[in-house]
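S.K.: Using the numbering used here, read the sequence shown as starting at 225 and increasing by one per residue.
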Amino acid sequence: MSRAGDVVCEGWLRKSPPEKKLRRYAWKRRWFVLRSGRLSGEPDILQYYKNQHSRRPIGTINLNLCEQVDAGLSFTKKELESSFVFDLRTEERTWYLVAESEEDMNRWVTSICLLCGFNPTDNGMTKISQIQNVPFTAF
């Protein structure tokens, strides 16, 4: 995937290892860039880098495969207690991400939901195509 696409949101998040390795491996702090590819014909993507000056992403999440986004999760892992955790679920994997503040988490979740066509609800996120006449509510 290219770096094409308008930057919608960027900043530091901590990223979980794959689910099978959640308990054994450290969560890494990475620079994330959310890109909208609509004007360029590219998919909407969330890329992560070692730092904000890195040229090549370590990984790319294709948001066309996003099935669900959940905010305000809690983990029993000691270093994640009282953290601002949200997840992004794709067909292949669930990505757990930790923001530095509640405001930051809400900014990321809202931006991702808008690109994915989700509407925030009390029970998580719902595809906008599955609901009718429900106003978009801020967190």
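For every residue, glycine included, the Cβ atom is placed at its ideal position computed from N, Cα and C.
Grab the span of the beta strand (DSSP E) containing Glu-234 for me, first residue to last.
M.R.: Counting along the chain, the beta strand (DSSP E) containing Glu-234 begins and ends at 230-239.
S.K.: State the beta-bridge partners of Asn-286 as determined by DSSP.
M.R.: BP columns for Asn-286 point to Ile-269.
S.K.: From this set, Val-257, Ser-240, Ala-250 and Trp-251, which residue's C-alpha is nearest Glu-234's C-alpha?
M.R.: For the residues Val-257, Ser-240, Ala-250 and Trp-251, the minimum Cα distance to Glu-234 belongs to Val-257.
S.K.: On the DSSP bridge list, what partners appear for Val-309?
M.R.: For Val-309, which the question treats as bridged, DSSP gives the partners Leu-297 and Val-322.
S.K.: So, under 8 Å CB-CB, Ile-285 and Trp-319 are touching, yes? Tell me the CB distance rounded to an integer number of Å.
M.R.: Right, their Cβ atoms sit about 6 Å apart.
S.K.: Using three-state DSSP, classify Glu-243 as helix, strand or coil.
M.R.: Note: Glu-243 maps to helix in three-state DSSP.
S.K.: Is Trp-251 helix, strand or coil when you go by DSSP?
M.R.: Of the three classes helix, strand and coil, the one that applies to Trp-251 here is coil, per DSSP.
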